[in-house]
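Q: Counting the sequence shown from 1 gives a position; my numbering is that position plus 331.
Where a beta carbon is used, it is the ideal one built from N, C-alpha and C, also for glycine.
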Amino acid sequence: MNKSIFIENFRNAFGNYELPIAIWYSNEPAAPVEKTMGCFIKYIKPAREGGIVSFNIDTIGCMGGKTYTGFCEPSPHIPSFVSLKELYKKSPDLVTEFITDLNMPSKEGLYINFASIEKIDSFKHIEGLIFFATPDVLTGLVSWALYDNNEPDAVSTPFGSGCSSTVSHIVVENQNQGKRTFIGLFDPSVRPHVEPNILSFAIPMSRFNEMYHTLNQSCLSGSPAWIKVKQRITENGI
């Protein structure tokens, strides 16, 4: 797979819309690391704007963020916090079940990196891609994901924090060579850190290896309906 060719194909489909970011783990950071406070999603904006950001267990300030990136075991306080404080699940047991079923692999001692795909050399060692999408852009991404996949969970919206929907689900799915893609950022706690019209669309590399070859075959190649949607994306300048 060729990064430059994909960027060209993406531009043909979505115009000058924001490129996706790649995520991967490494022994050394791809960019200088800085301490974050609260949700680290708000700190990845530089990657969305064309740069690179890196974190490790010491620089992520949220215990959930440390957990869902795989840097540490889940804190015993998370289930009660998510259920009784945030009111996101009916009981702590449901949160515990979610974390157990997620089965995020350990990434202890590593760094996690987020970079615009313009900044990576290749797709080698990448866990997946994250798109930050408006409704019109999301329409195109979902249509692309469903082009060659009839499975009912081909596009999934599982429960989870902002960091689990953009990191954990990608990593686990890629590890399992799965074919699901994920719409995320539904967590009310993460919403203040992204634009009001933005959701995430995450593609693990195990699925992107296939989707890379179908973008120019799908409606995104220039179907009459998509041309109208693309025009609106272009006119809105986003």
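Runs of 4 residues minimum, wholly inside the stretch 433-479: which ones carry the alpha helix (DSSP H) assignment?
A: 466-477
Q: Spatial neighbours of N480 within its chain, please: CB distance less than 7 Å, with the 5 preceding and 5 following residues excluded, ordered by chain position.
A: The count along the sequence shown starts at 1 and reaches residue 480 at position 149. If we look at N480 and ignore the five residues flanking it on each side, its Cβ neighbours are K510.
Q: Alpha carbons only, please: which of L415, G440, L460, V426 is nearest the one belonging to C403?
A: Your numbering for residue 403 matches position 72 in the sequence shown. Out of L415, G440, L460, V426, G440 has the C-alpha closest to the C-alpha of C403.
Q: Helix or strand or just coil, what does DSSP make of Y356?
A: Your numbering for residue 356 matches position 25 in the sequence shown. Strand at Y356.
Q: For the beta strand (DSSP E) that I534 lies in, which residues bound it at each end?
A: Residue mapping note: residue 534 aligns to position 203 of the sequence shown, counting from 1. Run containing I534: 530-535, per the beta strand (DSSP E) assignment.
Q: Given that a residue counts as buried once 16 or more other Cβ atoms are within 10 Å of its Cβ, and exposed if not, what is L415?
A: Taking the first residue of the sequence shown as position 1, residue 415 is located at position 84. Note on L415: under 16 other CB atoms within 10 angstroms of its CB, so exposed under the neighbour-count rule.
Q: Identify the continuous beta strand (DSSP E) that holds T512 and give its terminal residues.
A: Here the question's residue 512 lines up with position 181 in the sequence shown. Run containing T512: 512-515, per the beta strand (DSSP E) assignment.
Q: Kindly indicate the opening and closing residues of the alpha helix (DSSP H) around F337.
A: As a first step, residue 337 must be located in the sequence shown, where it is residue number 6. Here the alpha helix (DSSP H) through F337 covers 334-345.
Q: Suppose only complete runs of 3+ residues qualify. What are the beta strand (DSSP E) ranges in the stretch 347-435, listed by chain order?
A: 352-357, 383-386
Q: Can you tell me whether Y525 is helix, strand or coil according to DSSP?
A: Here the question's residue 525 lines up with position 194 in the sequence shown. Reading off the sequence shown, one finds Val at residue 525, where the question assumed Tyr. If DSSP states are grouped into helix, strand and coil, V525 belongs with coil.
Q: Is it true that the CB of V502 sits closer than 8 Å to the CB of P436?
A: Locating residue 436 in the sequence shown gives position 105, where the first residue counts as 1. Locating residue 502 in the sequence shown gives position 171, where the first residue counts as 1. A contact, by the Cβ cut-off of 8 Å.
Q: Three-state secondary structure (DSSP) at S549?
A: Position 218 of the sequence shown, counted from the start, is the residue given in the question as residue 549. Coil.
Q: Counting along the chain, where does the alpha helix (DSSP H) carrying A556 start and finish?
A: In the sequence shown, counting from the first residue as 1, residue 556 sits at position 225. 555-567 is the span of the alpha helix (DSSP H), which, as asked, contains A556.
Q: With respect to the alpha helix (DSSP H) encompassing Q506, which residues constitute its N-terminal and C-terminal limits?
A: For the purposes of this step, residue 506 is taken as the residue at position 175 of the sequence shown. That run of the alpha helix (DSSP H) goes 500-506.
Q: Using C-beta distances below 6 Å, list every residue in its chain close to G493, excluding the 5 sequence neighbours before and after it, in chain order.
A: As a position in the sequence shown, residue 493 is number 162, starting the count at 1. Around G493: I372, L516, D518, V521.
Q: Are I443 and S385 close, meaning C-beta to C-beta below 8 Å?
A: If you number the sequence shown from 1, residue 443 lands on position 112. If you number the sequence shown from 1, residue 385 lands on position 54. Going by C-beta atoms, I443 is nearer than 8 Å to S385.
Q: State yes or no: is the C-beta of E449 within less than 8 Å of the C-beta of L350?
A: As a position in the sequence shown, residue 449 is number 118, starting the count at 1. As a position in the sequence shown, residue 350 is number 19, starting the count at 1. Their beta carbons are under 8 Å apart, which means E449 touches L350 by this criterion.
Q: How do the stretch 362-372 and the stretch 459-469 stand: do at least 3 beta-carbon pairs fall below 8 Å, yes or no?
A: Too few Cβ pairs lie closer than 8 Å, so no.
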